[in-house]
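Down below is the structure, laid out as structure tokens.
See the structure below:
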């Protein structure tokens, strides 16, 4: 089954199968050494740049600001949730997420 | 590879969306196939309908494009009646109540909580009265802006209103220009005050004189427009429109505007929406190549080089000089007056809209115009009716002589309805303005101070051209996530426009009024005699300015510190997403 993943409305949210699932304006804890020097970035999610899938994990590139140090960047791929069949489940917003570069 | 949006647009877009929109309205919201919702909501924008944010499924923002902000006699009443009847939803705003109209920074009108099933009736009423939502959103010619008092302004160089009306008629519903890579914002200004704000538009026509073969006034100069391309504020990529060294007489404006629109259509980036606005094409090509391509491929006459502009006279949103806005009583060239009324953050309750429509008919011609500072202007008020009009009780709330902090406030839609915004905006800016009015005095001789609050980098409140620019952000306070604001200073238009410099990041929203108060105190104490705030900012570096901002808690209390985006509606008693209303039942 194909899962339809989209960034829409100027990067305001991620659509999964035509349903608005993940929105901007959250704070995410990120393990993202490329983003800033904080042990864990505390990223204010301002904008989604792109969305993809790695196995069953949905991930996204995000524009945002680390509210601990002020660094503003576009991240590598950050996991945001998982698809099982037709269903999408967003990861717990308080979870630490590890940003990854894809080969 | 083209984006999904481009694929949807290539299948169905423009005028043909209307039939399907009406079918869905007839058959009900649920008749939109589950796997086509993203596509149809994207297409509906072309007809001025924008799906409200999550938690408000099935409700739409409806934007009415009023070219140059002109509402002909009777049209404001129609807007008020539609707002009163249809712009009511499950959420009540604690400041503005139910049913209101928002006047925007692009001289349009936005209504909220619109249900799909009501759209045909709304369109019928709008169109029967000469109004339309066509192309108010979406990837095409948007509402054309300019000096709202074009044709009446005593300071006018050339009357731009016939030009704007002509462009509107040619390019609204024009299939050749209906599907552009991205929005296309056009400004046409005929006055010498810069109130069309051409610098921040994709395409700007600005008044200019040119000596051309025997076709001039007594001094030999014809009056027309210089052309600039590629301005815009969004996405942390602000640009001022670039001078492409073209002067055009009024009768040739549609040819040049259509040529540039076609150039954008053919050469804009359709594979990356973040790189699609024409400002990026101008970055890539340079102004000279834009001109050469326009000349070679899109117009069939020889372009004139730029004429003598009047930019040195620009004052609108300039941070100094007279007429930073159009509030107050001003002379029309026909001897009557136009009266600019302050509409705090651009929002007016439907009952007040109807009252104002009645007053405009009683004291003026019935015409009302909208400015790019979210205010309204009642035109054609004769001298002998002026005092009685100014005594009307409605003007206590929409004053022609407001506090500088009320007058200077501009705010976007914010998390109340918008998907992209990071923070609550309109009600917050109302609270900020009221607190500043009560607690802060500007230095002698400073009677305007612009504070623009935008919920995100889309910059719908035009934050980069204000004295104090506030932009939505998040931070932690005592370890808890709270809404915050990045603070920029010293932006403005005028002869030499400049964007605000972002000097202080992540000010918790409850400390923002204190920060502005401290900043103004420092400005008052340290300014040179007669110095404007913008000039004061210009002679300080960013570290110095950051120190002057000095965020501080005061007796200002902010009831929306939490993540308002996690609510279905920030002001609902039971505001969690679990309490979100179902899509409206079909009537």
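Protein chains in written order, with our numbering: chain A, 8 to 110; chain B, 3 to 589.
Even glycine gets a Cβ: it sits at the ideal position worked out from N, Cα and C.
- Looking at the backbone, the Cα of residue 98/B and that of residue 208/B are separated by about 37 angstroms.
- The Cβ atoms of residue 510/B and residue 486/B sit closer than 8 angstroms to each other.
- Bridge partners of residue 61/B according to DSSP: 117/B.
- With a 10 Å radius around the Cβ and a threshold of 16 neighbouring Cβ atoms, residue 204/B comes out buried.
- Contact note: residue 458/B reaches chain A through 53, using a C-beta cutoff of 7 angstroms and chain order.
- At least 8 angstroms separates the CB of residue 317/B from every CB of chain A.
- Not one beta carbon of chain A lies nearer than 8 angstroms to the beta carbon of residue 9/B.
- Only exposed fits residue 9/A, as fewer than 16 other CB atoms lie within 10 angstroms of its CB.
- For residue 32/A, at least one C-beta of chain B is nearer than 8 angstroms to its own C-beta.
- Separation of residue 33/A and residue 505/B (C-alpha to C-alpha, rounded to the nearest whole angstrom) is 23 angstroms.
- Counting along the chain, no alpha helix (DSSP H) covers residue 238/B, and no H or E run does either.
- For residue 15/A, the C-beta contacts it makes with chain B under 9 angstroms involve 6, 7, 40, 43, 44, 421, in order along the chain.
- Under the three-state reduction of DSSP, residue 182/B is assigned to coil, being neither helix nor strand.
- Ranked by Cα distance from residue 142/B, the options 175/B, 73/B, 27/B, 114/B are led by 175/B.
- Taking residue 107/B as reference, the option from 454/B, 57/B, 408/B with the minimal CA-CA separation is 454/B.
- For residue 415/B, the nearest beta carbon of chain A is not closer than 8 angstroms to its own beta carbon.
- At least one C-beta of chain A is nearer than 8 angstroms to the C-beta of residue 475/B.
- Taking a Cβ-Cβ cut-off of 9 angstroms, the neighbours of residue 36/B in chain A comprise 24, 25, 26, given in sequence order.
- Interface criterion not met: the Cβ of residue 520/B is under 8 angstroms from no Cβ in chain A.
- For residue 507/B, the C-beta contacts it makes with chain A under 8 angstroms involve 72, 77, in order along the chain.
- The contact set of residue 567/B on chain A, defined by CB atoms closer than 7 angstroms, consists of 30, 32 in chain order.
- Distances from the CA of residue 128/B to each of 399/B, 112/B, 80/B, 90/B were compared; the closest alpha carbon is that of 80/B.
- When DSSP states are grouped into helix, strand and coil, residue 477/B belongs to the strand group.
- By the neighbour-count criterion, in which a residue is buried when 16 or more other Cβ atoms sit within 10 angstroms of its Cβ, residue 81/A is exposed.
- Residue 483/B reaches chain A at 34, counting residues in chain order whose Cβ is nearer than 7 angstroms.
- Residue 97/A has its alpha-carbon roughly 7 angstroms from the corresponding atom of residue 28/A.
- The beta-carbon separation of residue 31/A and residue 53/A, rounded to 6 angstroms, stays under the 8 angstroms limit for a contact.
- In this structure, the beta-carbon distance from residue 36/B to residue 25/A falls below 8 angstroms.
- Counting C-beta pairs with one atom in each stretch, the stretch 375 to 394 of chain B and the stretch 340 to 359 of chain B have three or more that are closer than 8 angstroms, which means they touch.
- In terms of Cβ geometry, residue 457/B and residue 471/B do not form a close pair [threshold 8 angstroms].
- Identification of residues in the stretch 419 to 443 of chain B having a C-beta nearer than 7 angstroms to some C-beta of chain A yields 421, 422, 424, given in sequence order.
- The beta carbon of residue 447/B is closer than 7 angstroms to those of 532 in its chain, skipping five residues each way along the sequence.
- Using a CB distance cut-off of 8 angstroms, residue 478/B counts as an interface residue toward chain A.
- Looking only at 60/B, 440/B, 18/B, the smallest Cα-Cα distance to residue 30/B is reached by 60/B.
- The Cβ atoms of residue 112/B and residue 150/B do not sit closer than 8 angstroms to each other.
- DSSP, reduced to helix, strand and coil, places residue 529/B outside both helices and strands of the structure shown, so it counts as coil.
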